[in-house]
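Colleague:
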Amino acid sequence: MEECETEQEFSAGELSVDESFIENESPPPHETKFTAFLKDFDDIKTTLKFISDKYDDLDKKINDVSKRVTKTEQQLKSIQASEARISELETKLAEFEQKSRYCNIEISNLPEKRSENLIQIPENIAKVIKQSIPAKDIVTIHRVPHYEI
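Okay, so the sequence shown: first residue is 5 according to the numbering used here, each after it adds one.
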């Protein structure tokens, strides 16, 4: 029986030595490498998540800018069409104004008198140059303000 106790004591001592040996021993190299690999993998996952979030933000911004550019291009086309229409209308207006002047006579620097009869002015000028301008041929007559430069 003594032998059994000794074996048990020896076995118990051996176990305690083994446990202390295991506690003091560093992990095997493949476990250290695996732990480092897991840490690197977690770092890569974190980095990929960050990059993915940034990509999503940039994609959203690009879509927003693209929509704004499309809207701006449409507005530009509308403005260009409006400018073309305005130019066309200005040309027509100038033509109408010019046509309205075909039968006009402009007399400049004629002093203004009180209670003057404007129809008599072209009639008097016509008499001097020996031409006739009947009053019925005069549609309208008026003084226009002159611009000081």
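The C-beta atom is built at its ideal place from N, Cα and C for all residues, glycine as well.
Note that the coordinates shown come from a computational prediction; the quantities given were computed from them, not determined experimentally.
1) Would a C-beta distance cut-off of 7 angstroms place Ile-133 and Pro-126 closer than the cut-off?
2) Is the beta carbon of Ile-123 less than 7 angstroms from the beta carbon of Ile-145?
3) So for Gln-135, helix, strand or coil by DSSP?
4) Give me the Cα-Cα distance between Gln-78 and Ala-85, rounded to the nearest whole angstrom.
5) Keeping to the same chain, check which residues put their C-beta closer than 8 angstroms to that of His-130; ignore five residues upstream and five downstream.
6) I'd like the list of long-range same chain contacts for Ser-70, defined as Cβ closer than 6 angstroms, with 5 residues on each side in sequence excluded.
7) From Ser-112 to Ser-119, what distance separates their C-alpha atoms?
8) Could you tell me the distance, in whole angstroms, from the CA atom of Asp-60 to the CA atom of Ile-90?
9) Considering only residues of the same chain and omitting the five flanking positions on each side of Val-2, which have a CB-CB separation below 8 angstroms?
Modeller: This is what the structure holds:
1) no
2) yes
3) coil
4) 11 angstroms
5) Residue identity check: residue 130 is Ala in the sequence provided, not His. Ser-136, Ile-137, listed in sequence order.
6) none
7) 19 angstroms
8) 45 angstroms
9) Missing from the structure shown is residue 2; the chain here goes from 5 to 153 and no further.
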